[in-house]
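Engineer: One structure, pasted below without further comment.
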Amino acid sequence: MSDSVVQDLLPSPTPVRLLAEDGTTVEGCPTGYERPTVPQLLAAHRKMVIGRRFDAQATALTKQGRLAVYPSSHGQEACQIAAAEVLGPGDWLFPTYRDSVALVARGVDPVEVLTLLRGDWHCGYDPKAVRVAPQCTPLATQVLHATGLASAMRRKGENTAVLALIGDGATSEGDFHEALNFAAVFNAPVVFLVQNNGYAISVPLSKQSAAPSLAYKGIGYGVRSEQVDGNDTAAMLAVLGTAMDRARSGGGPFLVEAHTYRLEAHTNADDATRYRDQEEVRGWLAADPLPRLEKHLRDVGALTDEDVRAAQEEGERLAADLRQRMNADPHLDPMSLFDHVYAVPTPQLAEQRDLLATELKAQEG
Amino acid sequence: MSDSVVQDLLPSPTPVRLLAEDGTTVEGCPTGYERPTVPQLLAAHRKMVIGRRFDAQATALTKQGRLAVYPSSHGQEACQIAAAEVLGPGDWLFPTYRDSVALVARGVDPVEVLTLLRGDWHCGYDPKAVRVAPQCTPLATQVLHATGLASAMRRKGENTAVLALIGDGATSEGDFHEALNFAAVFNAPVVFLVQNNGYAISVPLSKQSAAPSLAYKGIGYGVRSEQVDGNDTAAMLAVLGTAMDRARSGGGPFLVEAHTYRLEAHTNADDATRYRDQEEVRGWLAADPLPRLEKHLRDVGALTDEDVRAAQEEGERLAADLRQRMNADPHLDPMSLFDHVYAVPTPQLAEQRDLLATELKAQEG
Amino acid sequence: MAATSMAQALNAALRDALSENERVLVFGEDVGQLGGVFRITDGLTAQFGEQRCFDTPLAEAGIVGYAVGLAMGGFLPVVEMQFDAFAYPAFEQIASHVAKIRNRTRGALSIPMVIRVPYAGGIGGVEHHCDSSEVYYVATPGLKVVTPATPADAYTLLRAAIDDPDPVVFMEPKKLYWSKEDTELRYDSEPLGRAAIRRSGKDATLIAYGPSVPVAMQAAKVAAEDGLDLEVVDLRSLVPFDDETVTASVRRTGRCVVVQEAQGFAGFGAEVAARVQERCFHSLSAPVIRVGGFDIPYPPPMLEHSHLPGVDRVLDAVDRLQFSDEPDGRYLTGVRA
Amino acid sequence: MAATSMAQALNAALRDALSENERVLVFGEDVGQLGGVFRITDGLTAQFGEQRCFDTPLAEAGIVGYAVGLAMGGFLPVVEMQFDAFAYPAFEQIASHVAKIRNRTRGALSIPMVIRVPYAGGIGGVEHHCDSSEVYYVATPGLKVVTPATPADAYTLLRAAIDDPDPVVFMEPKKLYWSKEDTELRYDSEPLGRAAIRRSGKDATLIAYGPSVPVAMQAAKVAAEDGLDLEVVDLRSLVPFDDETVTASVRRTGRCVVVQEAQGFAGFGAEVAARVQERCFHSLSAPVIRVGGFDIPYPPPMLEHSHLPGVDRVLDAVDRLQFSDEPDGRYLTGVRA
Ligand SMILES: Cc1ncc(C[n+]2csc(CCOP(=O)(O)OP(=O)(O)O)c2C)c(N)n1
Ligand SMILES: Cc1ncc(C[n+]2csc(CCOP(=O)(O)OP(=O)(O)O)c2C)c(N)n1
Ligand SMILES: [Mg+2]
Ligand SMILES: [Mg+2]
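Have a look at this one:
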């Protein structure tokens, strides 16, 4: 195998970074990527402010008993906002349970995003209408679906692509391997974004993988790969944007590993102090993507107090609306249990529906 | 990630080769490997002659209806003999259905090797006695067992290692991925040998993987890897021997890809002309591992006609013995169906045993 | 009319579906150039091209998960699992996604597809190639499960499965691939879910499916020589289940034997027996008796004949349907099901 | 005697097994430092070290396949699947290897191990976290399947499972993790396979297991107020099945309701009903009736109470056991199981 083919497939030896932690510009942009424009960064900043407000509100709703469980995106917003921003209207997103902020940024109604997590039906939105697959719970299974849908696009001659999100822990599942392989063999327009936040619930990356970095998995499938500072919005936009463009124009799949951190516990039900110390968390707070981007945009004179206030207000409006609409229990009709198991209920389900109707009547009476 | 760590994990850009196709010595041995000694090559040659005779006899037995099915090792003997030769008495081998020649070389009774394939019970030998796992049918599942057993050795402080065999097609299964990952994370003394024979039944490697070569999968797990000319016995012994030594002394897992070819159809039941042309087969005949090794050993003056004749005679004796012992149908007791489902048959199985006994008596009477 | 084997009928069904509906895609391991290890997809790549019928990498979860995505994108995948036990790696994709996506999305996403599974034994196959795996699918709500017993049914049921709006696990009894029938292959768009009475009788009902249907028919033939008139019901569709046909038959005959090739414990026959006694209790003159394989891993080829339920085992069960009041010494202990 | 929860009892069983047998290894996802998402392995790593209780990479087939190898090497793995549906990726390893290696090697290789599966619902869990997956294991010969319903049983059955020479799927009813009992945890080395009569009664037998046992007990209590004396059998071991206890009970009471939380179609209750009518036909005064969840994917938390079989559904079934000759208009159509 020629050395240049191999080099093309390997990621950069260190994560791509365009903004330093203090918001200053890292000089030079690795070949193949383009620095995002200031308007692109401004748009991302606005969505990040709103996304973070959404996330805080969702966490608050768990405390008020309005959400059963919430896996926070706090700290991972650069990944999730970039994931939404690089999507065209025809592209699809395949998220996990962790990616609520990406969905909100994609334009999915926040209440519909939280349907699953409040204990209502498992997918609150119409996936086809918003081009977002259901938030996936069985780890890594969705990356195969993403690959299949990407192949479907290619077969139909569409110039669109799919972005599949996955966590660091989930890369250990066999489905991740099979998806990368199918994607490469069928040259599917799909980009895999691994949000490596350092933990799978309590299990640190060091117990998950001995690879130099997860991005090095790409070459084993002939899939191009890159590693990125996942708290650097500019770098995330640059790399993901390039990867999606490449995919759309027939260049095939791409694996992106974003090094980031989950600032909250796994979910509100988790106690992160059992497995990591505050020291570590504090270290990552210094790398927070939002102040970094904000500082940068102010430094280059592109962002005003006014802009920030406007975004914050938008966030407050979204939060208030969310609070209000989540404040009522939805009324789920028990009889709907049987509606969508099959296109038409089987005779057996029809009988069971009758049984439940009788039970419900008895309970009323 | 430092460049040298990455380079250490990557395989050589071209397959390691110590003997050219015409048997002449390829000068220079890649660093880290040692050329096998002449006595080692002579021992391998002898086993290869015998192994090939065994393989031919097994194929003949299918035609005589004495074997239900036989997946031939013909063409892959350099891999399989090397696999057996690098094992110490305490090491374990995890073979697939394709690896009968490796088992014979390991010293398993040829009749016991063929038990499964003649339609008798599924494992003819005592795995613990010969330190060979049952020949595995569900693809890639065995590499996880191999990893677990390797970890068991390490936990017990043994200086032994496990060699796991797998085909090119089976590397696409999720279990292969999970095994490499577990092996790396637990630093298990296991060597994975992929016999890349170009096909998974009818599916060529080009439809199986887009990787530069399968050995490039190692780095994604932090597993050292190498690619080898799988028809070069000297190279196979060198690389596998080094990998096993490393594993035994705590150096962790190793992935070896051997480029080889299946000269026969997938099994006697397969019709290879449906998916590959004779041209290709002829090309690979020129790379046959046996004449190559033989030529080399004669060239260096280590092998005499006498040696060759002795090995061939040994092969004939083995074949004759095999023919003779396979020529009788084994008598399987139907009542044994219930013996080993559990350590002690459940009450339900005891009832079913009675039922079968009644049926059998009725059939006699 | 020509004698058609079940393998030919299935091939014709795929061919006709590919012709009539350009959304149909056929894929799996070795289904392309080779035409499948059982040649069920023979010639399809040649006729329709690699875009419509193609080989995949060797990974069953991959095949099914990839099919889910293609179905989301509007295609209609018909995938082949090479053998019963080799579908197990896909189990999570099947149980957690294929079966549930419609329900999860309240019908917004439907993913019709067909998963073809050659199953069961009787062909001298080695371990992992002969599992009766239907029970795993029938116990998973959201899947339909269908199994033909004749070439004509193989054609029409596979066409119906492909046309069905829900995912269908299509179980093909391997040992019947080469069974032939003089039949014209006709697809009448009848929806899935109807059993067929293969033979009418008044003394007892044999309920069978897939590989056990010919066994039941043969048993009925032998019993007829002894003056016993057995009805044979071929379930065809395990999910949805045709309670109507089954219940009517057993209420009429008053006696019932369920025949399945699978291991008996918690096999699909348990559901059939449980339903029949629930719905026909007062019509029954004897317990519903199940006949099947033993509760053991599939045995080696040299012993499979001892494991598989044959005509004798079925007739022994029929013997125990208490047709007369005379006690039978063999069964007084009551130990045997 | 202290009030002990099932979670504590399971933790104690693991702790005692780790102490007494150095071959025992506990591993899985998050079972180390965190102590498991349900804290069943709490404190074990601290007490026994990372060598005895440890986290693995996130891959269930990997966990089970790795356990197979460790068992071949003489260790005794006790692995945790984090939730029911997350054991599905391991299905091939379980069905094709764990269940079959002893048989395949004629006993030369035995791989005793315990696969712990927290299962079933009633805890407001979202999809994939509440499957009643026992049927997949009970239908696989070579596995033993056990499920406790009380803290005392949780302790003794888990100890017995770890000591058992065969692989055991140990199903833990999640909703009972926090149920308490005043009990001393005692392990009496009784082999697996015995049911327990939780309540004696003469009018009908309720057969239940795992999460349904408290429901059956509650139903019996309510029925008693109405003058109906119900016997409650807790199966404890699904495989091997305790025919003796079950058959004796139903022959005595003449009536039987099988209660399971799982979806009904082809669930384990089907096996129970089928066996009972096979073995007790002439003692039965009414069909064996099954009560369970509906044949749907596990519903969202807000609707699970409508799905799960509660006391009322059980009592409705008991009502249909034809205690009197007076017809009940509700059930004359005979459509309902
Ligand atoms: C197949 C499967 N196994 C186990 C789980 C339980 N589980 C839920 S989240 C999680 C950790 C996932 O870690 P990671 O992939 O890193 O994603 P993160 O939560 O950090 O975003 C686990 C083990 C699951 N959902 N699916
Ligand atoms: C899980 C699984 N899926 C499918 C099969 C059927 N099958 C048997 S051999 C084979 C091809 C294997 O190819 P490869 O791994 O390259 O090994 P080779 O036969 O070339 O040695 C297939 C698909 C199987 N045995 N197991
Ligand atoms: Mg993570
Ligand atoms: Mg191959």
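Chains as they are written, first to last, in our numbering: chain S, -2 to 362; chain R, -2 to 362; chain C, 46 to 382; chain V, 46 to 382. Quick reminder that beta carbons are idealized off the backbone N, C-alpha and C, glycines included.
What residues from chain R crowd round C/Phe313, counting only those whose CB sits closer than 8 Å?
Structural biologist: Numbered from its first residue, the third sequence carries residue 313 of chain C at position 268. Here the premise fails: no neighbours, minimum Cβ distance about 17 Å.
Engineer: I'd like to confirm something about C/Tyr222: is its beta-carbon nearer than 8 Å to some heavy atom of ligand 1, or not?
Structural biologist: Taking the third sequence and counting its residues from 1, one reaches residue 222 of chain C at position 177. For ligand 1, not one heavy atom lies less than 8 Å from the Cβ of C/Tyr222.
Engineer: Which residues share a DSSP beta bridge with C/Asp208?
Structural biologist: The residue you call residue 208 of chain C lines up with position 163 of the third sequence. Answer by DSSP bridge pairing: none, since C/Asp208 is not bridged.
Engineer: Taking the straight line between their C-alpha atoms, what separation do you get for S/Ile216 and C/Asp287?
Structural biologist: Taking the first residue of the first sequence as position 1, residue 216 of chain S is located at position 219. Taking the first residue of the third sequence as position 1, residue 287 of chain C is located at position 242. Approximately 52 Å between the Cα atoms of the pair.
Engineer: Per DSSP, R/His256 forms a beta bridge with which residues?
Structural biologist: Here the question's residue 256 of chain R lines up with position 259 in the second sequence. DSSP, once it has assigned bridges, lists R/Asn193, R/Asp226 as partnering R/His256.
Engineer: I need the residues with a C-beta less than 6 Å from some heavy atom of ligand 4; please give them in chain order.
Structural biologist: Having a Cβ closer than 6 Å to some heavy atom of ligand 4 are R/Gly164, R/Asp165, R/Gly166, R/Asn194, R/Tyr196, R/Ala197.
Engineer: Rounded to whole angstroms, what is the Cα-Cα separation between R/Thr355 and V/Ala57?
Structural biologist: Here residue 355 of chain R refers to the residue found at position 358 when the second sequence is read from its first residue. Here residue 57 of chain V refers to the residue found at position 12 when the fourth sequence is read from its first residue. Those two C-alpha atoms are separated by around 47 Å.
Engineer: Look up C/Ala382 in the DSSP assignment and say whether it is helix, strand or coil.
Structural biologist: Taking the third sequence and counting its residues from 1, the one referred to as residue 382 of chain C is at position 337. In this predicted model, C/Ala382 has a pLDDT of only 41, less than 50, meaning its place in the structure is not dependable enough to derive any value.
Engineer: Check whether the Cβ atoms of C/Leu55 and C/Thr192 lie closer than 9 Å to each other.
Structural biologist: The residue given as residue 55 of chain C occupies position 10 in the third sequence. The residue given as residue 192 of chain C occupies position 147 in the third sequence. No, these two residues do not count as a Cβ contact at 9 Å.
Engineer: What residues in the region 100 to 112 of chain V have a beta carbon less than 9 Å from any beta carbon of chain S?
Structural biologist: Within the region 100 to 112 of chain V, the qualifying residues are Asp100, Thr101, Pro102, Leu103, Ala104, Glu105, Ala106, Gly107.
Engineer: Restricting to Cα atoms, I'd like to know which of R/Lys292, R/Leu252, R/Met233, R/Asp19 is closest to R/Cys26.
Structural biologist: One-based indexing of the second sequence puts residue 26 of chain R at position 29. Answer by Cα proximity: R/Met233.
Engineer: Flag C/Ser234 as yes if its beta-carbon sits less than 9 Å from any beta-carbon of chain S, otherwise no.
Structural biologist: In the third sequence, the residue the question calls residue 234 of chain C occupies position 189. Not one chain S Cβ lies under 9 Å of C/Ser234.
Engineer: Going by beta carbon distance, what residues of the same chain come within less than 6 Å of C/Val143, once the five residues before and after it are set aside?
Structural biologist: Against the third sequence, residue 143 of chain C aligns to sequence position 98. Excluding residues within five positions, the ones whose Cβ falls inside 6 Å are Pro212.
Engineer: Return no unless some Cβ of chain V is closer than 9 Å to the Cβ of C/Gly299.
Structural biologist: As a first step, residue 299 of chain C must be located in the third sequence, where it is residue number 254. Cβ-Cβ to chain V under 9 Å: no for C/Gly299.
Engineer: To the nearest angstrom, how far is it from the Cα of R/Gly195 to the Cα of C/Glu105?
Structural biologist: Locating residue 195 of chain R in the second sequence gives position 198, where the first residue counts as 1. Locating residue 105 of chain C in the third sequence gives position 60, where the first residue counts as 1. Taking the straight line from one Cα to the other gives about 20 Å.
Engineer: Would you report the Cα separation of R/Ala40 and R/Lys292, rounded to the nearest angstrom?
Structural biologist: Counting from 1 along the second sequence, the entry for residue 40 of chain R is found at position 43. Counting from 1 along the second sequence, the entry for residue 292 of chain R is found at position 295. Straight-line Cα distance between these residues: approximately 15 Å.
Engineer: Following a CB-centred definition, is V/Arg84 positioned closer than 8 Å to any heavy atom of ligand 1?
Structural biologist: Taking the first residue of the fourth sequence as 1, we reach residue 84 of chain V at position 39. It does not: the Cβ of V/Arg84 is nowhere closer than 8 Å to a heavy atom of ligand 1.
Engineer: Please return the same chain residues whose Cβ sits closer than 6 Å to the Cβ of V/Ala135, not counting the five positions on each side in sequence.
Structural biologist: As a first step, residue 135 of chain V must be located in the fourth sequence, where it is residue number 90. Excluding residues within five positions, the ones whose Cβ falls inside 6 Å are Glu105, Ala106, Val109.
Engineer: Evaluate C/Leu366 with the Cβ neighbour count: other Cβ atoms within 10 Å of its Cβ, from every protein chain shown; 16 or more gives buried, anything less gives exposed.
Structural biologist: The residue labelled residue 366 of chain C in the question sits at position 321 within the third sequence. Under this definition C/Leu366 is a buried residue.
Engineer: Between the alpha carbons of R/Phe366 and R/Trp118, how many angstroms are there, rounded?
Structural biologist: Residue 366 of chain R lies beyond the residue range present for chain R, which begins at -2 and ends at 362; the question has no answer from this structure.
Engineer: Measure the C-alpha to C-alpha separation of C/Ala116 and S/Ser1 and round it to an integer number of angstroms.
Structural biologist: Taking the third sequence and counting its residues from 1, the one referred to as residue 116 of chain C is at position 71. Taking the first sequence and counting its residues from 1, the one referred to as residue 1 of chain S is at position 4. Answer to the nearest angstrom: the Cα atoms are 37 Å apart.
Engineer: Just the chain V side, please: which residues come within less than 8 Å of C/Asp340 by C-beta, in chain order?
Structural biologist: One-based indexing of the third sequence puts residue 340 of chain C at position 295. Chain V residues near C/Asp340: Pro186.
Engineer: Would a C-beta distance cut-off of 9 Å place V/Tyr164 and V/Ser50 closer than the cut-off?
Structural biologist: The sequence position of residue 164 of chain V within the fourth sequence is 119, counting from 1. The sequence position of residue 50 of chain V within the fourth sequence is 5, counting from 1. Result no, Cβ atoms of V/Tyr164 and V/Ser50 do not sit closer than 9 Å.
Engineer: If you measure beta-carbon to beta-carbon, which residues of the region 111 to 127 of chain S are closer than 7 Å to chain C?
Structural biologist: Listed by position, the residues of the region 111 to 127 of chain S near chain C (Cβ gap below 7 Å) are Trp118, His119, Cys120, Asp123, Pro124, Lys125.
Engineer: Can you find the residues in the same chain that come closer than 7 Å, C-beta to C-beta, to R/Ala212, ignoring five residues on each side of it along the sequence?
Structural biologist: Locating residue 212 of chain R in the second sequence gives position 215, counting from the first residue. These residues qualify, in order along the chain: Pro8, Ser222, Glu223, Gln224, Leu252, Glu254.
Engineer: What residues in the region 327 to 351 of chain V have a beta carbon less than 8 Å from any beta carbon of chain R?
Structural biologist: So the list is empty, because no residue satisfies the distance condition.
Engineer: Taking a cut of 7 Å between CB atoms, which residues from the region 179 to 212 of chain C lie near chain S?
Structural biologist: Answer in chain order: Pro186, Gly187, Pro210, Asp211.
Engineer: Locate the alpha helix (DSSP H) running through S/Leu141, then write down its first and last residues.
Structural biologist: Position 144 of the first sequence, counted from the start, is the residue given in the question as residue 141 of chain S. 138 to 152 is the extent of the alpha helix (DSSP H) around S/Leu141.
Engineer: At a CB distance below 8 Å, what residues from the region 192 to 207 of chain S approach chain V? Give them in sequence order.
Structural biologist: The region 192 to 207 of chain S vs chain V, Cβ under 8 Å: Ala197, Ile198, Ser199, Val200, Lys204, Gln205, Ser206.
Engineer: Chain A beta carbons: is any one of them nearer than 9 Å to that of R/Glu223?
Structural biologist: The structure shown contains no chain A; the protein chains it does contain are S, R, C and V.
Engineer: Who pairs with C/Gly73 in a beta bridge, going by DSSP?
Structural biologist: Start at 1 with the first residue of the third sequence, and residue 73 of chain C comes out as number 28. C/Asp100, C/Glu125.
Engineer: Let me confirm a value: C/Ala382 is counted as buried when at least 16 other C-beta atoms fall within 10 Å, else exposed. Which label applies?
Structural biologist: Residue mapping note: residue 382 of chain C aligns to position 337 of the third sequence, counting from 1. With a pLDDT of only 41 at C/Ala382, under the threshold of 50, the placement of this residue in the model should not be trusted; the figure read from the coordinates follows. It counts as buried.
Engineer: Check whether the region 181 to 191 of chain V touches the region 314 to 324 of chain R, counting contact only when three or more Cβ pairs, one atom from each stretch, lie closer than 8 Å.
Structural biologist: No, they do not touch.
Engineer: Smallest Cα separation from R/Ser199: which of R/Asp267, R/Ala79, R/Pro209?
Structural biologist: Along the second sequence, read from residue 1 onward, the residue named residue 199 of chain R stands at position 202. The option with the nearest alpha carbon to R/Ser199 is R/Asp267.
Engineer: Find the residues of chain S that neighbour C/Ser141, judging by a C-beta separation of less than 9 Å, and give them in chain order.
Structural biologist: Here residue 141 of chain C refers to the residue found at position 96 when the third sequence is read from its first residue. Within 9 Å Cβ-Cβ: Thr134, Pro135, Thr138.
Engineer: Could you tell me if the beta carbon of C/Phe128 falls within a distance shorter than 8 Å of some heavy atom in ligand 2?
Structural biologist: In the third sequence, residue 128 of chain C corresponds to position 83, counting from 1. Yes, Cβ of C/Phe128 sits closer than 8 Å to a heavy atom of ligand 2.
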